[in-house]
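In what follows, a single structure is set out as structure tokens and then discussed.
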Amino acid sequence: LGTVALFYGCNPDEKMESQTSANTLIINLTSDATVNAHGSLMGIHLAEKALENRLDVIVFLNVNGVKLLQPGADTLAFHGEKILQALDKVVEKGGDVRICPHCAEALGIDKTQIPANFKMQDEKIMMEKLRSNPTVFTY
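Numbering (the working numbering), first residue to last: 1 to 139.
Rendered as structure tokens:
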């Protein structure tokens with residue numbers, strides 16, 4: 001009877017929900033979608049699935065991934081699905097799209113080319129995320 005009293009009122013689903021809401025997935029998007037958009041779209045679709053499963057998601061445009069911000073990138077598609085529209089959906093569903101400032105600068109992309117719903121990555125925020133042991137997938 002004492003054991004029953006200890007667990008009365010505990011809801012295992014609540015505990016599981018709070019644990020999963022703290023998990024973070026970082027999609028390290030380095031693919032060059034101007035050459036082949038398939039890899040970029042795969043990473044974005046994984047981000048969408050993670051959001052549907054209540055994970056925190058950051059899509060980090062890094063290396064060639066920042067080419068998605070260059071003029072004309074709004075036409076990049078794979079099987080008819082536009083890459084930038086897919087990234088917008090990630091943000092609409094609660095994810096973040098972050099831009100590597102060094103990579104953007106290296107490709108001549110300035111802040112005016114970054115959509116309002118995307119953010120330039122802040123080193124401090126990225127270090128906090130990395131300290132929390134996120135899962136990282138690179139596409």
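Glycine is no exception: its CB is placed at the ideal position from the N, C-alpha and C atoms. Bear in mind that the values here come from a model prediction, so they are computed numbers and not experimental data.
Beta-carbon gap between residue i and residue j smaller than 8 Å
i, j, result
"A86", "L41", "yes"
"N28", "F118", "no"
"G65", "S31", "yes"
"I26", "K129", "yes"
"L46", "K93", "no"
"A37", "I109", "no"
"K67", "A33", "yes"
Other residues of its chain near residue i: CB distance less than 6 Å, five sequence neighbours each side excluded
i, result
"L1", "Residue confidence is low: L1 scores 47 on pLDDT, short of 50, so the model does not pin down where it sits. No coordinate-derived value is stated."
"I58", "I26, D96 and R98"
"F78", "A37, H38 and L41"
"R131", "none"
Separation of residue j from residue i, as counted between CA atoms
i, j, result
"T135", "P71", "31 Å"
"S21", "G95", "Model confidence at S21 stands at a pLDDT of 41, short of 50, so the residue's coordinates are unreliable; what they give is reported in the following sentence. Those two C-alpha atoms are separated by around 13 Å."
"D56", "I99", "17 Å"
"L61", "Y139", "10 Å"
"N23", "K124", "18 Å"
"I44", "L76", "14 Å"
"C103", "N53", "30 Å"
Those residues which DSSP pairs with residue i across a bridge
i, result
"T138", "N28"
"R98", "F60 and K119"
Cβ shell of residue i (< 7 Å), same chain only, five flanking positions each side left out
i, result
"Q113", "L69"
"Q121", "F60, R98, I99, C100 and P101"
"E48", "K89, V90 and K93"
"N133", "none"
Practice task
List in chain order: all unbroken alpha helix (DSSP H) runs of 4+ residues lying wholly within the stretch 27 to 87.
Solution key: Within the stretch 27 to 87, the complete alpha helix (DSSP H) runs of at least 4 residues are 38 to 52.
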